[in-house]
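A quick write-up on the structure given underneath.
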Amino acid sequence: MAFVNQNYCNLKESYLFSQIAHKVAEFSAAHPEKKIIKMGIGDVTLPLAPAVIEAMQKAVAEMGVKETFRGYGPEQGYDFLHEAIAKYYASFGVDVASDEIFISDGAKSDCGNMTDLFSNDNVILIPDPVYPVYLDTNVMCGRKIIYMQGKPENDFLPMPDDSVKADIIYLCSPNNPTGAVYTKEQLEKWVAYALKNDAVILYDAAYESFISDPSIPRSIFAVEGAKKCAIELCSLSKTAGFTGTRCGYTIVPHDLVRKTKDGQEMSLNKMWLRRQTTKFNGVPYIIQRGAEAVFSPEGQKQCREMLSFYKENARIMAEALTKKGIKFYGGTHSPYIWMQCPNGMGSWEFFDYLLEKLAVVGTPGAGFGSMGEGYFRLTAFGSRENTIEAMERIEKGL
Ligand SMILES: *Cc1c(COP(=O)(O)O)cnc(C)c1O
Numbered sequence: 006m007a008f009v010n011q012n013y014c015n016l017k018e019s020y021l022f023s024q025i026a027h028k029v030a031e032f033s034a035a036h037p038e039k040k041i042i043k044m045g046i047g048d049v050t051l052p053l054a055p056a057v058i059e060a061m062q063k064a065v066a067e068m069g070v071k072e073t074f075r076g077y078g079p080e081q082g083y084d085f086l087h088e089a090i091a092k093y094y095a096s097f098g099v100d101v102a103s104d105e106i107f108i109s110d111g112a113k114s115d116c117g118n119m120t121d122l123f124s125n126d127n128v129i130l131i132p133d134p135v136y137p138v139y140l141d142t143n144v145m146c147g148r149k150i151i152y153m154q155g156k157p158e159n160d161f162l163p164m165p166d167d168s169v170k171a172d173i174i175y176l177c178s179p180n181n182p183t184g185a186v187y188t189k190e191q192l193e194k195w196v197a198y199a200l201k202n203d204a205v206i207l208y209d210a211a212y213e214s215f216i217s218d219p220s221i222p223r224s225i226f227a228v229e230g231a232k233k234c235a236i237e238l239c240s241l242s243k244t245a246g247f248t249g250t251r252c253g254y255t256i257v258p259h260d261l262v263r264k265t266k267d268g269q270e271m272s273l274n275k276m277w278l279r280r281q282t283t284k285f286n287g288v289p290y291i292i293q294r295g296a297e298a299v300f301s302p303e304g305q306k307q308c309r310e311m312l313s314f315y316k317e318n319a320r321i322m323a324e325a326l327t328k329k330g331i332k333f334y335g336g337t338h339s340p341y342i343w344m345q346c347p348n349g350m351g352s353w354e355f356f357d358y359l360l361e362k363l364a365v366v367g368t369p370g371a372g373f374g375s376m377g378e379g380y381f382r383l384t385a386f387g388s389r390e391n392t393i394e395a396m397e398r399i400e401k402g403l
């Protein structure tokens with residue numbers, strides 16, 4: 006008899022986005038004359054950079070010619086892309102070797118697949134609120150999960166607590182959904198905690214390119230000692246508009262070594278290579294050429310323009326909320342604004358209020374964890390026109 010993985014019974018059904026869609030459809034049917042503005046979009050809206058399109062078109066042409074056609078590539082990615090990423094890291098002062106970089110179809114897959122490398126006996130430490138993938142992928146393995154609270158008292162940036170014993174720690178900075186970003190000093194404390202406890206930090210840097218202050222690390226590896234205790238997940242999804250194109254990368258340092266339960270020392274880099282070569286057959290050549298172009302001078306210039314566009318939206322949003330005296334986090338090094346619901350409203354209560362009264366849609370913070378209750382996420386991925394209009398409605402009507 007085939008038994009299924011019982012851990013799946015412990016997953017909580019996520020009603021967040023279906024509930025939002027349902028409420029919006031209902032409102033739209035009742036008020037067809039009202040223009041609804043969606044400020045909850047968690048996806049980019051600007052098209053791929055011209056340099057990326059050009060590189061992919063060239064790669065498509067190569068695939069149609071016998072001499073330049075490519076079949077299976079290296080599972081961990083082509084060297085041309087490893088080298089482009091290593092150079093990119095060097096541009097902000099972080100040294101990573103080509104064979105520490107693994108190309109994948111995105112950070113979400115790597116985040117889920119990474120659970121393969123660790124024993125299910127580990128205690129997992131997850132921030133609340135946070136990107137729900139960290140939690141669900143570990144629930145699927147039946148692991149013990151403990152939470153650290155993001156709250157106004159710590160600016161939604163939980164710090165290590167020596168009385169808490171965690172083996173695997175998830176950090177996301179700049180954070181989804183709060184937009185909060187760790188300083189170098191704060192990351193140093195996390196690295197010190199991980200080294201002291203032989204823990205491993207899984208660092209999600211999906212929003213690193215939104216950081217505009219050079220004193221804030223773009224990578225956990227900007228912190229000394231991090232190569233002995235961290236894995237970094239990154240993605241071109243938000244930084245170059247690759248959400249539908251699919252390409253990310255994970256950095257597993259050679260210095261990262263941990264023991265099996267019976268004391269055998271293992272290199273995480275070798276384990277991840279073994280895992281990927283066994284279960285994955287690589288990202289398409291055409292996509293990797295597109296990704297390489299993201300890191301070219303032309304591609305970087307074009308992607309920075311896209312980021313500036315989103316960041317200007319965030320600035321407009323932050324300005325309007327400041328005028329209204331509404332407390333919020335993020336919006337500077339992040340496309341997300343995490344606002345406190347006015348007048349003590351709950352997340353869903355405020356969602357309904359904003360929709361009914363102003364026809365503006367956002368994401369209830371409670372959907373990202375219990376500490377998100379009373380908060381609300383707005384995103385800067387909309388058009389300029391809609392962003393301005395939504396904030397005008399909020400300024401006048403809230
Ligand atoms: C969007 C996002 C990602 C990117 O996932 P991909 O699979 O690369 O598209 C990773 N982490 C967080 C926190 C995100 O919000």
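Residue numbering for the sequence shown is 6 to 403, as defined by the working numbering. All C-beta atoms, glycine included, are put in the ideal place defined by N, C-alpha and C.
Is the beta carbon of residue i less than 7 Å from the beta carbon of residue j?
i: Ile108; j: Leu86; result: yes
i: Arg223; j: Glu213; result: yes
i: Ile46; j: Ala395; result: no
i: Cys239; j: Ala210; result: yes
i: Tyr139; j: Ile131; result: yes
i: Arg294; j: Ala26; result: no
i: Ala197; j: Ala171; result: no
i: Pro157; j: Arg382; result: no
i: Val288; j: Asp141; result: no
i: Val365; j: Arg398; result: yes
Output the distance between the C-alpha atoms of residue i and residue j, rounded to the nearest integer angstrom.
i: Glu378; j: Val128; result: 25 Å
i: Lys264; j: Arg309; result: 41 Å
i: Gly374; j: Gly76; result: 43 Å
i: Gly98; j: Ser23; result: 42 Å
i: Gly184; j: Val70; result: 46 Å
i: Ser301; j: Asp84; result: 15 Å
i: Gly335; j: Val262; result: 35 Å
i: Phe285; j: Val135; result: 27 Å
i: Phe161; j: Gln154; result: 8 Å
i: Val186; j: Tyr290; result: 34 Å
i: Cys146; j: Lys362; result: 43 Å
i: Ser339; j: Phe355; result: 23 Å
i: Pro167; j: Asp133; result: Per the sequence shown, the amino acid found at residue 167 is Asp instead of Pro. Approximately 18 Å, taken between the alpha carbons.
i: Gln11; j: Gln281; result: 26 Å
i: Met164; j: Lys39; result: 44 Å
i: Ser178; j: Val144; result: 22 Å
i: Glu324; j: Tyr13; result: 43 Å
i: Asp121; j: Met322; result: 41 Å
i: Ile331; j: Gln345; result: 7 Å
i: Val228; j: Ala89; result: 22 Å
i: Leu326; j: Glu400; result: 8 Å
i: Leu359; j: Glu297; result: 42 Å
i: Lys194; j: Asp115; result: 25 Å
According to DSSP, simplified to helix, strand and coil, what is residue i?
i: Thr384; result: strand
i: Ser272; result: strand
i: Gln345; result: strand
i: Ser114; result: helix
i: Gly335; result: strand
i: Asp267; result: coil
i: Pro132; result: strand
i: Pro179; result: coil
i: Thr368; result: strand
i: Val262; result: strand
i: Ser109; result: strand
i: Lys43; result: strand
At what residue ranges does the segment 138-174 contain a whole run of the alpha helix (DSSP H), taking only runs of 4 or more?
-> The qualifying runs are 138-144.
Every unbroken beta strand (DSSP E) within the segment 195-257, with a cutoff of 3 residues, ordered by chain = 205-209, 235-240, 253-256
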